[in-house]
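Below you'll find the structure, written out as structure tokens, and then a few comments.
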Amino acid sequence: VRRAGEADVEPLLAFVITCLSESALQPLSPAKIAALVWRAVRMEHAIAGIIEGDNGIEASVGLFVSQLHYTDEPHLRDGWLGVRSDCRRVNHGARLVQFSKWAQERMQEAAGRPIPLFLEIMTTEALEPKLRLYQRQIPQVGASFAWGTAVPGRLDQKRIGNGRAH
Amino acid sequence: MGDVIVRTAIQADEPEVYALLLALDEDNSLGFPRNDQRVWAHINACCRGQGGVCAVIDGPDGNILASVGVMAMPAGWYTDAWLLRELWFFVRPECRRGTGYANALMAWLKRHQREMSERLGYDIPCVTGPTSRKRLAAKERWWATHGQRIGAFFVVKG
Numbered sequence: 001v002r003r004a005g006e007a008d009v010e011p012l013l014a015f016v017i018t019c020l021s022e023s024a025l026q027p028l029s030p031a032k033i034a035a036l037v038w039r040a041v042r043m044e045h046a047i048a049g050i051i052e053g054d055n056g057i058e059a060s061v062g063l064f065v066s067q068l069h070y071t072d073e074p075h076l077r078d079g080w081l082g083v084r085s086d087c088r089r090v091n092h093g094a095r096l097v098q099f100s101k102w103a104q105e106r107m108q109e110a111a112g113r114p115i116p117l118f119l120e121i122m123t124t125e126a127l128e129p130k131l132r133l134y135q136r137q138i139p140q141v142g143a144s145f146a147w148g149t150a151v152p153g154r155l156d157q158k159r160i161g162n163g164r165a166h
Numbered sequence: 001m002g003d004v005i006v007r008t009a010i011q012a013d014e015p016e017v018y019a020l021l022l023a024l025d026e027d028n029s030l031g032f033p034r035n036d037q038r039v040w041a042h043i044n045a046c047c048r049g050q051g052g053v054c055a056v057i058d059g060p061d062g063n064i065l066a067s068v069g070v071m072a073m074p075a076g077w078y079t080d081a082w083l084l085r086e087l088w089f090f091v092r093p094e095c096r097r098g099t100g101y102a103n104a105l106m107a108w109l110k111r112h113q114r115e116m117s118e119r120l121g122y123d124i125p126c127v128t129g130p131t132s133r134k135r136l137a138a139k140e141r142w143w144a145t146h147g148q149r150i151g152a153f154f155v156v157k158g
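Going down the list, the protein sequences come from chains A and B.
Quick note on this note's numbering: the first sequence kicks off at 1 and runs consecutively.
Quick note on this note's numbering: the second sequence kicks off at 1 and runs consecutively.
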């Protein structure tokens with residue numbers, strides 16, 4: 001896994017949109033995704049790791065600094081962590097988790113204080129194998145459940161105030 | 001076990017809701033230092049209907065035995081969509097066995113989601129779930145009886 005830089009923006013943005021469109025529970029905002037990808041490649045309280053193969057990016061993780069609602073303490077959390085569909089049997093996922101731990105260690109060294117790493121899965125696509133991948137490497141501290149989904153597997157809605165959902 | 005009364009909290013309930021959240025923090029903290037200003041901001045928002053709402057179950061002495069707080073908020077960093085996110089869902093440990101409080105709070109939460117969806121004109125999702133280092137598997141099983149599992153989260157402590 002290598003750290004992504006500005007030269008990676010275009011392929012990384014395409015990868016992240018593909019990755020999220022497979023698993024996201026909500027409609028994507030390309031502008032928000034582009035903003036976080038740029039932050040990550042510029043290392044603006046964010047970082048991205050990528051694994052490349054002959055046909056471009058095969059896997060990537062993006063991490064950014066965030067806060068929980070009840071504390072001022074920062075933590076590092078994932079914006080995306082995904083492996084291209086044709087590369088899912090080569091342990092890329094585990095390498096991305098290792099990269100995330102490495103990034104957390106470097107970040108807290110630089111900050112001089114503890115900065116926890118949060119990784120979150122939120123999807124209905126192939127949830128169980130993703131859970132097993134994470135559970136093998138990191139302590140689980142929570143789970144998410146939902147209802148109100150217009151279509152099973154997709155939280156299909158328009159913005160608040162935007163009228164009736166299709 | 002009699003009928004459990006769940007009511008929507010009002011501003012006057014804020015001190016008791018705060019006391020309950022201190023009990024939650026003591027019972028089941030992830031270890032992040034609490035910022036009371038932030039905690040109060042969320043209590044205020046939920047008890048005053050400013051983007052959030054809070055339901056409580058009263059105890060005999062004017063204290064609160066259980067509560068759920070929920071806010072409408074952006075659904076994630078990558079989307080413009082919104083959802084209802086549970087901020088806290090807590091029953092005092094001594095009130096968990098045979099009281100039906102958790103089921104009553106969950107029923108209230110589902111009703112709130114339905115009513116909000118009706119007002120908005122579309123089905124706004126509600127996301128809830130346990131955050132805990134204690135008995136997580138049992139809590140997951142209970143939550144799974146109420147909603148579709150959509151994820152999990154993991155922490156490496158610094």
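The beta carbon of each residue, even a glycine, is placed where N, CA and C say it ideally should be.
Residues of chain B whose Cβ lies closer than 8 Å to the Cβ of A/Ala-24 are, in chain order, Gly-76, Tyr-78 and Thr-79.
In this structure, A/Ile-47 keeps its C-beta atom at 8 Å or more from the C-beta atom of A/Leu-12. Under the three-pair Cβ rule at 8 Å, the stretch 124-132 of chain B does not count as touching the stretch 99-113 of chain A. For B/Trp-77, the secondary structure class from DSSP, reduced to helix, strand or coil, is coil.
Ranked by how close their Cα comes to the Cα of A/Asn-55, the residues A/Trp-147, A/Ser-85 and A/Phe-64 have A/Ser-85 in first place.
If the five residues before and after B/Gly-59 are omitted, its C-beta is found closer than 6 Å to the C-beta atoms of Leu-65, all from its own chain and listed in chain order. Within the stretch 123-151 of chain B, the residues whose Cβ lies closer than 8 Å to some Cβ of chain A are Asp-123, Ile-124, Pro-125, Cys-126, Val-127, Thr-128, Gly-129, Pro-130, Thr-131, Ser-132, Arg-133, Leu-136, Lys-139, Glu-140, Trp-143, Ala-144, His-146, Gly-147, Gln-148, Arg-149, Ile-150 and Gly-151, listed in chain order. If you keep only unbroken beta strand (DSSP E) runs of at least 3 residues inside the stretch 20-96 of chain B, you get 52-58, 64-74 and 82-91.
Apart from sequence neighbours up to five positions away, the residues of its chain that approach B/Arg-34 with a beta-carbon distance below 8 Å are Asp-25, ordered along the chain.
Interface criterion met: the Cβ of A/Ile-115 is under 8 Å from a Cβ in chain B. Taking a Cβ-Cβ cut-off of 9 Å, the neighbours of B/Leu-87 in chain A comprise His-69 and Tyr-70, given in sequence order. In the structure shown, A/Ala-31 falls within a helical segment according to DSSP collapsed to helix, strand and coil. Comparing alpha-carbon positions, the option among B/Met-106, B/Ala-41 and B/Val-70 lying closest to B/Val-53 turns out to be B/Val-70. CA-CA distance, B/Met-106 to B/Pro-130, rounds to 13 Å.
Residue range 92-111 is occupied by the alpha helix (DSSP H) that includes A/Arg-106.
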